[in-house]
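Novice: Numbering (the numbering used here), first residue to last: 1323 to 1528. Using N, Cα and C, we set each Cβ at its ideal position, and we do this for glycine too. Owing to the predicted nature of the structure, the values given are computational and were not obtained by experimental measurement.
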């Protein structure tokens, strides 16, 4: 594995040894932890989907180019933002990379501060995405703890049904609905009905 989920590392992927070493030195000069790889395949062979940080990759590489790398990462569910480095003649391909999911692109030659700014932005974006993903996972685990009947009650709550309607739909007493509803609120750790609905929808479980 490349790193634990708590680390933030800039992964440099470039088949040009000199360019790769230059990027690593530049990033390290700004205090950024880096790891470098000579090809997209080398990077993917060591990749941990839980890795935190971002990727800086050249657009043109033999075997697997920057766009293919982005698409592969997306297919793996990676949250790592990707910055692509491109030459002037490849700007149209850089646009294709953005459409494939790249977060940013830098045209050679670029100022060091432009790279630092792009990387810092991507690291912040990755932190936010990882935190949101962790929150969704917590809610899904809570959903998994519900019994079948409690999940039925939750689904009806999300549809806006009252206790009376839920009771009639499930052929149970209103008092039993209240008990199930209280269990749902407790297991979902919701402080209010609005909190229950918001967190469940945000987790994509509605």
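Less than 8 Å between the beta carbons of residue 1461 and residue 1394, yes or no?
Specialist: Walking along the chain shown from the start, residue 1461 turns up at place 139. Walking along the chain shown from the start, residue 1394 turns up at place 72. No, the Cβ-Cβ distance between residue 1461 and residue 1394 is not below 8 Å.
Novice: Are residue 1499 and residue 1489 touching if we call contact CB-CB under 8 Å?
Specialist: Here residue 1499 refers to the residue found at position 177 when the chain shown is read from its first residue. Here residue 1489 refers to the residue found at position 167 when the chain shown is read from its first residue. Cβ distance < 8 Å, so residue 1499 and residue 1489 count as in contact.
Novice: Say whether chain D places a C-beta atom closer than 8 Å to the C-beta of residue 1402.
Specialist: Any reference to chain D falls outside this structure, which holds one protein chain only.
Novice: Mind listing, in chain order, the continuous alpha helix (DSSP H) runs of no fewer than 4 residues lying wholly within the region 1330-1397?
Specialist: Counting only runs of 4 or more, we get 1339-1351, 1362-1367 and 1388-1397.
Novice: By DSSP's criteria, residue 1477 is part of a beta bridge. Which residues make up the other side?
Specialist: On the chain shown, residue 1477 is found 155 positions in, with the first residue counted as 1. None, per the DSSP bridge assignment.
Novice: What three-state label does DSSP hand residue 1445 in the structure shown?
Specialist: Numbered from 1 along the chain shown, position 123 holds the residue referred to as residue 1445. Here residue 1445 sits in helix by DSSP.
Novice: For a test of your reading of the model: does the CB of residue 1368 fall under 7 Å from any non-hydrogen atom of the ligand SAH? Yes or no.
Specialist: No copy of the ligand SAH appears in this structure; indeed no ligand is present at all.
Novice: Using only alpha-carbon positions, find the residue among 1455, 1390 and 1397 that is nearest to residue 1418.
Specialist: The sequence position of residue 1418 within the chain shown is 96, counting from 1. The shortest Cα separation from residue 1418 among 1455, 1390 and 1397 belongs to 1390.
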